[in-house]
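2 protein chains.
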Amino acid sequence: MKVAVMGYGTIGSGVVEILNVNKDVVAKRAGEPLEVKKVLDLRDFSGDPVEKLIVHDYMDIVNDDEISLVVEAMGGVEPAYTFVKAMLEAGKHVTTSNKALVADKGAELIRIAREHGVNFMFEASVGGGIPIIRPLLSCLTGDVIEEITGIVNGTTNYMMTKMTTDGSEYEDVLKEAQALGYAEKDPTADVEGYDACRKIAILTSLVCGQQVDYNDIPTEGISHITATDIKYANKMGRAIKLLARSEKVGETYSARVAPYLLPKDHPLYNVNDVFNAIFVHGNMLGDGMFYGSGAGKLPTASAVVGDLVAMAKHVDKNIFLEWKEEKLELANPSQQNFKFFVRTKASAQEVEKVFHKVEFVDAGVSGEVGFVTCEMTQKAYDDKSKELSDVVQMIRFA
Amino acid sequence: MKVAVMGYGTIGSGVVEILNVNKDVVAKRAGEPLEVKKVLDLRDFSGDPVEKLIVHDYMDIVNDDEISLVVEAMGGVEPAYTFVKAMLEAGKHVTTSNKALVADKGAELIRIAREHGVNFMFEASVGGGIPIIRPLLSCLTGDVIEEITGIVNGTTNYMMTKMTTDGSEYEDVLKEAQALGYAEKDPTADVEGYDACRKIAILTSLVCGQQVDYNDIPTEGISHITATDIKYANKMGRAIKLLARSEKVGETYSARVAPYLLPKDHPLYNVNDVFNAIFVHGNMLGDGMFYGSGAGKLPTASAVVGDLVAMAKHVDKNIFLEWKEEKLELANPSQQNFKFFVRTKASAQEVEKVFHKVEFVDAGVSGEVGFVTCEMTQKAYDDKSKELSDVVQMIRFA
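Chains A and B supply the protein sequences, listed in that same order. The first sequence begins at 1 in the numbering used here and counts up one residue at a time. The second sequence begins at 1 in the numbering used here and counts up one residue at a time.
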């Protein structure tokens, strides 16, 4: 079977590499060899082994009847959307690693694929090499999924781990992460939680079977976390992690991306460095967790190649996948319940006047008071915290 | 679609329960409702809601053309094998939670299923509710799997966790586990590693695509582990866990079940109590881990129902699965390399005379010496340890 790869960047070149290095094992599992016939890129890559496969016009792939499997690894919504749509309409199976495309257009592309008897797969779009999409869609199908909580951004997890182990400040760790290539020059999408937000939108869509708009998900990043917060976290025996969470509330879900204080006995507590993990709670399964390399060239490309093999085995069959275009109204995030850890310049007396029963945390930081509230709604906290002077920080308990 | 359940014990009744409680979500994902029509058991279950569905002769299911999906939850090789074979030959899809059956007859039943255009699935046979079989078969297909290391027996993991946290002796913890229903009255299959051995045989078969005979896998249990060993482990900052391991060696695999000393930074280190987890290393993926409830009625039944949904979606198609009946010759286990932790009544001088460079471990135990060898083959260790008087204990480093 002939494969086309759109985008010869990190992931695209990783896919070509795996199809070469693991050629035999891939052929055995797919039932026949998978061979890259065309690579779409704006660049020419003269001297590279793929040089002779490079095409610059996506219609060269659309019109090539020999090509039945297509990899989209360009990133971004456009022109990826236009290209992918054209491939599906031409009866070609498509796999993508592009979370922006899947979060935005997933439901529509799944419908188009179904209408044309082909498959649209996206295992690599969440959790890199970690199998999570297909386990949710084809293993945990006997369960009502009541919670998904993911550490789904390697950059921020590396940074939070470093701040915890070294006691260093955010800015220093960011520079280090950039020097190591873990963070981009403009780190906004990672550190402000936008990347994690798209991923939890995709996972929530899959478990509810409807379209979840990532714009509806309240999203905070880690750029406001300081070495002092880490001190308090250590004192409480907790770790601060950027979590992307989704919980079932009645007939809908409540989703949020934010830094949380995780207790030691939570399976995600020990997920460190650039690793990702997705914790799942099913009403029958109980707790489960999927852990691994959430990013990087080869782990992510490994998930793409897994999709290629699955599509090769189902080349004549659309695998039904419940993800309707109808939008899911998420639960009101201000009604979510939390315990809140708060730092303030106000006095302990003032804190108790406003919040009544609290637990004070003494991390040896002078000039301020740290405390943990009782469980209350986000709205109740927002109202009360306005009554308190000089709130320095608020981090939710997980 | 009509379902038959063979064996109305813990797992079988769990499957019936999930198909009732999660009826709507299962119907949505399977594409149509799944309804239990017959339940095979020797008992009558008068008064139970399934009473009217009970049949005593498996031929009542074989001859029922309305039934297309069958659950085998009887356990043991016979009569499960005879019944499952008859179901497949009658063109019915079968899912089983029965590791003994899968380890013994998996390759043959897969061939029979293929010959009859149906599927034989067994997600619940390893790791209970944890998705591991299907992720290996349908996600990590772009990888050469170089290592699988599992904590795949909840009973022994509970016991090792208890011994570690409470400092108690093996016999006391076993009694406790039996009282809690975590260990059986005759705990041999769990504590001697036989259960874990069958599971790693299944996982190894899946990654190599050939039949692995569990009789070829050297298997030690945990019944010789003492509170004193735990003291040494704590001193070394390691945890003793019963691991079922399989590693790629050239064109074959080397497998072993034994207690190992795991370092703190290993993803399996924090897998405690009755939880299971399977660590996987792929040549492209890198490290991955699947964690969750490895046993118990509903988690295990959840995996069976996941299989039912998958079979309902592929009712007209055998999903190709590479597991040939041809036997794989495992690598010689005496050529595996380890560091060995050893306790002996011999003197430090004698230890150094025999093993040369070692690291002594002082856990405050009088009358003996504890030490860690350099890395050497199992054979080299066996030879040397014969030269040493009074070896009290040996546990391998992981």
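Beta carbons: idealized from backbone N, C-alpha and C, even for Gly.
Indicate whether residue i and residue j have their beta-carbon atoms separated by less than 8 Å.
{"i": "A/Asn-318", "j": "A/Ala-107", "result": "no"}
{"i": "A/Ala-398", "j": "A/Leu-330", "result": "no"}
{"i": "A/Phe-338", "j": "A/Glu-387", "result": "no"}
{"i": "A/Lys-379", "j": "A/Gln-335", "result": "yes"}
{"i": "A/Phe-275", "j": "A/Ser-293", "result": "yes"}
{"i": "B/Ala-295", "j": "B/Ala-244", "result": "no"}
{"i": "A/Glu-125", "j": "A/Asn-98", "result": "It is Ser, not Glu, that sits at residue 125 of chain A in the sequence shown. Against a cut-off of 8 Å, the Cβ pair of A/Asn-98 and A/Ser-125 comes out as a contact."}
{"i": "B/Leu-101", "j": "B/Ala-80", "result": "yes"}
{"i": "B/Thr-228", "j": "B/Val-342", "result": "no"}
{"i": "A/Glu-322", "j": "B/Arg-134", "result": "no"}
{"i": "A/Ala-310", "j": "A/Met-121", "result": "yes"}
{"i": "B/Val-70", "j": "B/Lys-105", "result": "no"}
{"i": "B/Tyr-170", "j": "B/Thr-82", "result": "no"}
{"i": "A/Phe-209", "j": "A/Lys-324", "result": "Per the sequence presented here, residue 209 of chain A reads as Gly, with Phe not at that position. Yes, Cβ-Cβ distance for A/Gly-209 and A/Lys-324 is below 8 Å."}
{"i": "B/Gly-127", "j": "B/Phe-320", "result": "no"}
{"i": "A/Phe-279", "j": "A/Thr-149", "result": "yes"}
{"i": "A/Glu-115", "j": "A/Gln-211", "result": "no"}
{"i": "A/Val-392", "j": "A/Thr-344", "result": "yes"}
So residue i and residue j are supposed to be a Cβ contact under 8 Å. How far apart are they, rounded?
{"i": "B/Ile-200", "j": "B/Ala-277", "result": "Wrong, their Cβ atoms sit about 13 Å apart, outside the cutoff."}
{"i": "A/Leu-328", "j": "A/Thr-252", "result": "6 Å"}
{"i": "A/Val-372", "j": "A/Val-351", "result": "Incorrect: roughly 11 Å between the Cβ atoms, too far for contact."}
{"i": "B/Asp-41", "j": "B/Gly-7", "result": "6 Å"}
{"i": "A/Leu-298", "j": "A/Ile-110", "result": "27 Å between Cβ atoms; not a contact."}
{"i": "A/Lys-38", "j": "A/Ile-61", "result": "6 Å"}
{"i": "A/Leu-285", "j": "A/Leu-140", "result": "6 Å"}
{"i": "A/Lys-402", "j": "A/Leu-203", "result": "There is simply no residue 402 of chain A to check, as chain A begins at 1 and stops at 398 in what is shown."}
{"i": "B/Glu-146", "j": "B/Gly-282", "result": "7 Å"}
{"i": "B/Ala-103", "j": "B/Arg-43", "result": "Going by Cβ atoms, the distance from B/Ala-103 to B/Arg-43 rounds to 27 Å, so no, they are not a contact pair."}
{"i": "B/Ala-90", "j": "B/Tyr-58", "result": "Incorrect: roughly 10 Å between the Cβ atoms, too far for contact."}
So which of the options has the shortest CA-CA distance to residue i?
{"i": "A/Arg-396", "options": "A/Tyr-214, A/Ala-295, A/Gly-128 and A/Pro-259", "result": "A/Pro-259"}
{"i": "B/Ala-363", "options": "B/Asp-190, B/Lys-235 and B/Thr-204", "result": "B/Lys-235"}
{"i": "A/Ser-223", "options": "A/Tyr-182, A/Ala-380, A/Leu-174 and A/Asn-337", "result": "A/Leu-174"}
{"i": "B/Ala-346", "options": "B/Lys-339, B/Val-354 and B/Phe-340", "result": "B/Val-354"}
{"i": "B/Gly-75", "options": "B/Ile-240, B/Gly-91, B/Leu-69 and B/Val-84", "result": "B/Val-84"}
{"i": "B/Lys-231", "options": "B/Phe-279, B/Leu-261, B/Gln-210 and B/Val-207", "result": "B/Leu-261"}
{"i": "A/Asp-273", "options": "A/His-281, A/Ala-239, A/Pro-218 and A/Val-257", "result": "A/Ala-239"}
{"i": "A/Thr-219", "options": "A/Val-207, A/Leu-203 and A/Val-191", "result": "A/Val-191"}
{"i": "B/Glu-399", "options": "B/Gln-178, B/Thr-377, B/Val-50 and B/Gly-154", "result": "Absent from the structure is residue 399 of chain B, since the part of chain B shown begins at 1 and ends at 398."}
{"i": "A/Pro-333", "options": "A/Asn-215, A/Val-94, A/Ala-312 and A/Gly-286", "result": "A/Asn-215"}
{"i": "B/Glu-359", "options": "B/Thr-377, B/Phe-340 and B/Val-271", "result": "B/Phe-340"}
{"i": "A/Ala-183", "options": "A/His-281, A/Tyr-158, A/Tyr-194 and A/Arg-198", "result": "A/Tyr-158"}
{"i": "A/Tyr-194", "options": "A/Glu-176, A/Asp-213, A/Gln-178 and A/Asn-119", "result": "A/Asp-213"}
{"i": "A/Asn-153", "options": "A/Val-257, A/Glu-176, A/Tyr-381 and A/Lys-185", "result": "A/Val-257"}
{"i": "A/Pro-33", "options": "A/His-356, A/Thr-344 and A/Lys-313", "result": "A/Lys-313"}
{"i": "A/Gly-129", "options": "B/Ala-86, B/Gly-288 and B/Val-361", "result": "B/Gly-288"}
{"i": "A/Lys-248", "options": "A/Ser-205, A/Asp-316 and A/Tyr-381", "result": "A/Ser-205"}
Mark residue i as exposed unless 16 or more other C-beta atoms lie within 10 angstroms of its C-beta, in which case mark it buried.
{"i": "A/Glu-72", "result": "buried"}
{"i": "B/Ala-301", "result": "buried"}
{"i": "B/His-266", "result": "buried"}
{"i": "A/His-56", "result": "exposed"}
{"i": "B/Glu-123", "result": "buried"}
{"i": "B/Asn-63", "result": "exposed"}
{"i": "A/Leu-180", "result": "exposed"}
{"i": "B/Ser-13", "result": "buried"}
{"i": "A/Val-207", "result": "buried"}
{"i": "B/Ala-4", "result": "buried"}
{"i": "A/Asp-143", "result": "buried"}
{"i": "B/Lys-264", "result": "exposed"}
{"i": "A/Gln-349", "result": "exposed"}
{"i": "A/Asn-119", "result": "buried"}
{"i": "A/Ser-46", "result": "exposed"}
{"i": "A/Thr-188", "result": "exposed"}
{"i": "A/Gly-9", "result": "exposed"}
{"i": "B/Asn-20", "result": "exposed"}
With a threshold of 7 Å (Cβ to nearest heavy atom), would residue i be considered close to the ligand GDP?
{"i": "A/Leu-242", "result": "Questions concerning the ligand GDP fall outside what the structure shown contains, since it holds no ligand whatsoever."}
Does the count of Cβ pairs from the region 158 to 167 of chain A and the region 302 to 317 of chain A closer than 8 Å reach three?
no
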